[in-house]
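Protein sequences, first through last, are from chains A and B.
Mapping of the first sequence onto this note's numbering: position 48 corresponds to residue 56, and the numbering continues sequentially without gaps.
Mapping of the second sequence onto this note's numbering: position 7 corresponds to residue 257, and the numbering continues sequentially without gaps.
Don't be surprised by glycine CBs; every beta carbon is placed ideally from N, CA and C.
Notes follow the structure.
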Amino acid sequence: MTTVRRLLAIAEVSRTRLALSVALGSATVLAGVGLMATAGYLISRAAERPAVLSLTVAIVGVRFFGLARPLARYFERLTSHDLALRALGKARLRMYDVVEPLAPTQLGDHRHGDLLSRLVADVDSLQNLHLRRTGPRLVALVAGAVAVAVAAAILPAAAIALAAGLLVAGIAVPAATVALQRRSGTIEAAARGELTAELVETMRGAQEIAVFGRVEERIGRLRDADSRLVRSARQAAFAEGAGEGLRLLVVGATVAAVLALAVSAHAAGSLDRVLVATLALLALASFEGVQPLAQGARELRETLAAGRRLLELADRDPAISDPPRPAELPDGPFTVALEAVRAGYGDGESPVLEGADLRLEPGRHIALVGPSGAGKTTIANLLVRFLDPECGRVTLAGRDLRDYRQEDVRRAISVAGQDSHLFSTTIRDNVALGRPDASDGEVEDALRRARLLDWVQSLPDGWDTLVGEEGRELSGGQRQRLVVARALLAGAPVLVLDEPTAHLDPETAAELVDDVLEANRTRTTLLITHRPEGLGRMDEVLRLESGVLA
Amino acid sequence: MRALDPRLVRRAAPVRILLGLDTGLGVATAILVIVQATLLARVVAQAFDGASLDDVAPEIVLLALAFAARGALSWGFEVAGARAASAVLSDFRLELVDRRLRTQPAALDGVDAGEIAAAGVQGVDGLRAYFGRYLPQVVLACVVPLAVLGWVAAIDLTSALVMLATLPLVPVFMWLIGRYTEERTRERWVALRLLSTHFLDIVRGLPTLRLLNQSRAQAATIADVSDRHRRATMGTLRVSFLSGTVLELAATLGVALVAVTVGVRLVGGGLGLQAGLTVLVLAPELYLPLRQLGAEFHASADGLAVAERIIALSETGAEAARSAGTPAPSPAVEPIRFEGVSFAYPTRPGLVLDELDLDLFPGETLLLAGESGAGKSTVASLLLRLADPTAGRLTVAGLDLADCDTDAWRRMLAWVPQRPTIFHGTVAENIRLARAGATEEEVWAAAVAAGADEFVQALPDGYDTVVGDGGRPLSAGERRRFALARAFIRDAPLVILDEPTADLDPESTQLVGDAVERLRDGHTILLIAHRPELAWHADRMVVLEAGKAIVLRERRAA
Numbered sequence: 009m010t011t012v013r014r015l016l017a018i019a020e021v022s023r024t025r026l027a028l029s030v031a032l033g034s035a036t037v038l039a040g041v042g043l044m045a046t047a048g049y050l051i052s053r054a055a056e057r058p059a060v061l062s063l064t065v066a067i068v069g070v071r072f073f074g075l076a077r078p079l080a081r082y083f084e085r086l087t088s089h090d091l092a093l094r095a096l097g098k099a100r101l102r103m104y105d106v107v108e109p110l111a112p113t114q115l116g117d118h119r120h121g122d123l124l125s126r127l128v129a130d131v132d133s134l135q136n137l138h139l140r141r142t143g144p145r146l147v148a149l150v151a152g153a154v155a156v157a158v159a160a161a162i163l164p165a166a167a168i169a170l171a172a173g174l175l176v177a178g179i180a181v182p183a184a185t186v187a188l189q190r191r192s193g194t195i196e197a198a199a200r201g202e203l204t205a206e207l208v209e210t211m212r213g214a215q216e217i218a219v220f221g222r223v224e225e226r227i228g229r230l231r232d233a234d235s236r237l238v239r240s241a242r243q244a245a246f247a248e249g250a251g252e253g254l255r256l257l258v259v260g261a262t263v264a265a266v267l268a269l270a271v272s273a274h275a276a277g278s279l280d281r282v283l284v285a286t287l288a289l290l291a292l293a294s295f296e297g298v299q300p301l302a303q304g305a306r307e308l309r310e311t312l313a314a315g316r317r318l319l320e321l322a323d324r325d326p327a328i329s330d331p332p333r334p335a336e337l338p339d340g341p342f343t344v345a346l347e348a349v350r351a352g353y354g355d356g357e358s359p360v361l362e363g364a365d366l367r368l369e370p371g372r373h374i375a376l377v378g379p380s381g382a383g384k385t386t387i388a389n390l391l392v393r394f395l396d397p398e399c400g401r402v403t404l405a406g407r408d409l410r411d412y413r414q415e416d417v418r419r420a421i422s423v424a425g426q427d428s429h430l431f432s433t434t435i436r437d438n439v440a441l442g443r444p445d446a447s448d449g450e451v452e453d454a455l456r457r458a459r460l461l462d463w464v465q466s467l468p469d470g471w472d473t474l475v476g477e478e479g480r481e482l483s484g485g486q487r488q489r490l491v492v493a494r495a496l497l498a499g500a501p502v503l504v505l506d507e508p509t510a511h512l513d514p515e516t517a518a519e520l521v522d523d524v525l526e527a528n529r530t531r532t533t534l535l536i537t538h539r540p541e542g543l544g545r546m547d548e549v550l551r552l553e554s555g556v557l558a
Numbered sequence: 251m252r253a254l255d256p257r258l259v260r261r262a263a264p265v266r267i268l269l270g271l272d273t274g275l276g277v278a279t280a281i282l283v284i285v286q287a288t289l290l291a292r293v294v295a296q297a298f299d300g301a302s303l304d305d306v307a308p309e310i311v312l313l314a315l316a317f318a319a320r321g322a323l324s325w326g327f328e329v330a331g332a333r334a335a336s337a338v339l340s341d342f343r344l345e346l347v348d349r350r351l352r353t354q355p356a357a358l359d360g361v362d363a364g365e366i367a368a369a370g371v372q373g374v375d376g377l378r379a380y381f382g383r384y385l386p387q388v389v390l391a392c393v394v395p396l397a398v399l400g401w402v403a404a405i406d407l408t409s410a411l412v413m414l415a416t417l418p419l420v421p422v423f424m425w426l427i428g429r430y431t432e433e434r435t436r437e438r439w440v441a442l443r444l445l446s447t448h449f450l451d452i453v454r455g456l457p458t459l460r461l462l463n464q465s466r467a468q469a470a471t472i473a474d475v476s477d478r479h480r481r482a483t484m485g486t487l488r489v490s491f492l493s494g495t496v497l498e499l500a501a502t503l504g505v506a507l508v509a510v511t512v513g514v515r516l517v518g519g520g521l522g523l524q525a526g527l528t529v530l531v532l533a534p535e536l537y538l539p540l541r542q543l544g545a546e547f548h549a550s551a552d553g554l555a556v557a558e559r560i561i562a563l564s565e566t567g568a569e570a571a572r573s574a575g576t577p578a579p580s581p582a583v584e585p586i587r588f589e590g591v592s593f594a595y596p597t598r599p600g601l602v603l604d605e606l607d608l609d610l611f612p613g614e615t616l617l618l619a620g621e622s623g624a625g626k627s628t629v630a631s632l633l634l635r636l637a638d639p640t641a642g643r644l645t646v647a648g649l650d651l652a653d654c655d656t657d658a659w660r661r662m663l664a665w666v667p668q669r670p671t672i673f674h675g676t677v678a679e680n681i682r683l684a685r686a687g688a689t690e691e692e693v694w695a696a697a698v699a700a701g702a703d704e705f706v707q708a709l710p711d712g713y714d715t716v717v718g719d720g721g722r723p724l725s726a727g728e729r730r731r732f733a734l735a736r737a738f739i740r741d742a743p744l745v746i747l748d749e750p751t752a753d754l755d756p757e758s759t760q761l762v763g764d765a766v767e768r769l770r771d772g773h774t775i776l777l778i779a780h781r782p783e784l785a786w787h788a789d790r791m792v793v794l795e796a797g798k799a800i801v802l803r804e805r806r807a808a
């Protein structure tokens, strides 16, 4: 239960708004109940053939309920969706606060793109908590209570039967459905996961499968995985319709019980005959309130699974923090160094770097090469304090990086490269991201030094052109130049280039490295790469192999 | 895609069975609805006239049973729908796979593998709602109102006419509102998309934001954009909820109207209590299926979108020429010739290859160079019969390859792609991909020749180590060497190497280069490369430029 409570705290809503939404929802249900009950009364009374005028109240009542119900429903839908969207906004902010200090090294995976997409989808699904759980439950409670109260005023015994029926339909039936679906749902989910993995792999490797003549075999494997899924889906299907089916069963039993009680009460003389129909129809219509509770069990399960993933993130402690009395950055040029650093990403795994020593003196251009996985990006992470060393220390002007504020460290040392993200906004906004108050002249200058200005000015919208999602409107080379322009504008004294030429063809790569080194002639630059382009121009080339610097 | 789009119905036999079943269940539901209402009315009328509990007990029991039966029917609808959904999706999946693997593995339409898998497997939820709830509702919405109207007409024609009067208003108003709102909501949904992807963009770029000390500042934009998104969405919803409201209004006012007219006539003595109550209880049932249909419509829209996507995926793409044909001569003996070959990708404008003339002589190592995008990988695809030329032909000893048996031809080829796929399985299984039934010695020998044996032996389980998705991760160099091992084990006369040293560090490059040198012996090799250091491996070098092999340089190995 604490899971749900914590999730509700994340996707917080104002109590007043929730109360309004519930009130409107209850009003909708009760208007429906009122409509049928009053109509039942009207007709039964009419059968006694009284003066028509004595039916006036009932007639007005029927019309009133007939009108009130759709209106209440319309406003209830608006209110509950508005509520859910507000909750979504809050949830996004809260989860952003959670994830912000953890990115990128504590998100468990260096290729964190997928994790973050799932985070967004998971947060989105929190809306269901209100729309499909809290809201409907409260409405069922309030509407049910009022209906029972009205029934009690007419015939207490019937009220008890109604209450029992509502409780069973509202609590026991959904619980039974969930239990039924859980087991078969797990098996189905597993089969589905297996098939997805096989399918993705087959599609990705389709060409090799075809060329190497293994098509039949592969299709056979997929057919097997597919039939396993179909079989488990068939089993799961049995549990699917259980909710609504059981609910109708309970409705029937309750209405029958209420009828029986009403008839015998009337026969005993304690109930006016006109009210028999009223009670029966009241009971029948009350079950509308509990109908949404049985459905949506599966979506709720998925929502809770998403919620658990989010809570797991929220429970991670940020490893990097600012010191209580931070040191100030030095004014003049400074040296950045790694001293006998051992660093890694997990407690169980062996460290990525071992005894690493590195000196970046002011104005020097140093290259760091080595096979992928050797720890080059780890060094970049250490330099900007995305990661702290296990042993040894990273120093800036001779002092441990941990003595400075993170913000200051990142003003002094910046990283740009293949992992730099381009936002779905204009070229100018992307370049000026680090310096939002930069003047047009400064932005132009940065673009010029990155040798991107001519191209930008040739565009119809100039630097107001949108770069597209993750910069997809630009070529690989242009993206990297934009990233470089951004780093130039931000103007940190030490620049780390992390694989800026990855995925570029050799000519583009060589041009880019040349231009970058030219633009940063006097800036301390560390070029991390596994490509040969530009190495000839560096002051020093260091090799990193299996965690050790040579 | 329309509901009950013929493409959907035609392809999936399960759908037809389901439709029949749903119709049967629908008729049964209609009957039960009427029975239910009649029983309820009878009991009340009898009690009205002074019956005791014992008198009406059997009918009360029957009433409860009628509800139970309706429950069973509704359960049946969902089960049948869920089963149909998974069967339909299964058919689609297998057809997709079959098509991709047999006829167009090259996936020239550029559709992502993950997207296909997602559509083919995850799509079940959308389709389940379509088959399990929407289709049955369509049936119910046709059958039940008719049955109810018919029965009410039999009891009391006037009431039936009153109901009938209210009914047409519903679709008319909904259609009116639908037309009015459709254009406006579509525009708004487009604008909404930008607002809703903002959060993902920020979150994806978090490391960059932190590096630039902008991550706190962006938190404020999240709140702001979320609010704008909310307001925009609410504006759209205010309009789109209207049509549902009209339906509900018609339904409840209809019931109210019926109740009042019945009541008035009861007073006047023109109608009996049982008849009146029956009509009253039946009145909501007239509208209920229609209301629920509106509610289920949105879920069905998702389902149909999925089906649309899958159908599109399985119907796109040109068909590469298929097998059955004369067996082709071996490239070990005969030269391969590109004669005026042109090629254009269906999704990109312009010709990649423009009347290309190229020869590949048996036993030689030909280096094919050129800028990225010049068409080098296209040449490989054509040789591998993964695509067909849009003009011109490929010949072997004068025989057009398009007339030759594709499978037999491919058996004479080995391919080391630029991004080799490592499948989930052991190292040995991955190498054996290129030659089913290879012995352990052969696997080991191939790995040695490819320069991969050393690092495989260093792995915890050696050749039984599980690699690929979910297995031990491999570096680019390691994957390349596995692909080379595949080429060695296949021992095919023609080997195509596509950028074997691209994106590799210096020693991996060295290892791969050595392996390529070992491969040259006794094989014809087409070596596609950018990097100059491989040039010395080749007998000849051809440069692709503007779709043609323009520059021809003969370089003899030392």
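Query	Result
Buried versus exposed, by CB contacts within 10 Å (16 or more), V60(A)	exposed
Own chain partners of A662(B) with C-beta closer than 7 angstroms, once the 5 adjacent residues on each side are dropped	Going by the sequence as given, residue 662(B) is Met instead of Ala. S580, P581, A742, P743 and L744, listed in sequence order.
Close Cβ partners of G720(B) (< 8 angstroms) along its chain, the five nearest in sequence each way excluded	H674
Cβ pair L351(B), R236(A) closer than 8 angstroms	no
Contacts of G378(A) in chain B (Cβ-Cβ under 8 angstroms)	D755
Amino acids of chain A, ordered along the chain, whose beta-carbon sits closer than 9 angstroms to that of G382(B)	A245, E248 and G249
Positions along the stretch 645–668 of chain B whose CB lies within less than 7 angstroms of some CB in chain A	D657, R660, R661, L663, W665 and P667
Nearest-angstrom Cα separation, counted from L86(A) out to L487(B)	7 angstroms
Extent of the continuous alpha helix (DSSP H) to which R222(A) belongs	Here R222(A) belongs to no alpha helix (DSSP H), and DSSP marks it neither H nor E.
From G712(B), L610(B) and T645(B), residue whose alpha carbon lies closest to that of T676(B)	G712(B)
Residue range of the unbroken alpha helix (DSSP H) whose run includes E452(A)	D448 to R457
Identity of the residue in G383(A), A293(A) and L257(A) nearest A151(A) by Cα	A293(A)
Residue-level contact to chain E via CB, P457(B), 8 angstroms cutoff	The question asks about chain E, but that chain is absent: this structure's protein chains are A and B.
Alpha carbon of M546(A) to alpha carbon of A375(A), nearest angstrom	6 angstroms
H479(B), enclosing alpha helix (DSSP H) - first and last residue	S465 to G518
Unbroken beta strand (DSSP E) run spanning F588(B), endpoints	I586 to F593
Cβ-based neighbour list, M251(B), same chain, cut-off 6 angstroms, excluding 5 preceding and 5 following	Low per-residue confidence applies at M251(B): pLDDT is 49, beneath 50, and the placement is therefore not dependable, though the value from the model is reported in the following sentence. Contacts found: L554 and E558.
Enclosing beta strand (DSSP E) for T403(A) [first to last residue]	C399 to L404
is_contact[H773(B), chain A] using C-beta, thresh 8 angstroms	no
Where the alpha helix (DSSP H) through I421(A) begins and ends	Counting along the chain, I421(A) falls outside any alpha helix (DSSP H), though it belongs to the beta strand (DSSP E) covering I421 to G425.
Beta-carbon contacts of G148(A) that lie in its chain and below 7 angstroms, excluding the five residues immediately before and after	Just to set this straight, residue 148(A) is Ala in the shown sequence, not Gly. Same-chain partners within the cutoff: G178, G297, V298 and L301.
Three-pair Cβ contact test at 8 angstroms for the stretch 455–463 of chain B versus the stretch 419–428 of chain A	yes
Proximal residues, the stretch 251–270 of chain A versus chain B, C-beta separation under 8 angstroms	E252, G253, L254, R255, L256, L257, V259, G260, A261, V263, A264, L267, A268 and A270
For P540(A) and V524(A), the rounded distance between their alpha carbons	15 angstroms
Option in V451(A), R401(A), R53(A) and V271(A) with minimal Cα separation from A498(A)	V451(A)
Of the listed residues F738(B), Q668(B) and A686(B), nearest to A809(B) (C-alpha basis)	Past the boundaries of the shown model lies residue 809(B); chain B is included only from 251 to 808, so the question cannot be answered.
Buried versus exposed call for V583(B) [16 or more other C-beta atoms within 10 Å across all chains shown]	exposed
Three or more C-beta pairs below 8 angstroms linking the stretch 494–510 of chain A and the stretch 526–533 of chain A	yes
7 angstroms CB neighbourhood of A66(A) in its chain, flanking five on each side removed	T46, Y49, L50 and R53
Three-state secondary structure (DSSP) of R790(B)	strand
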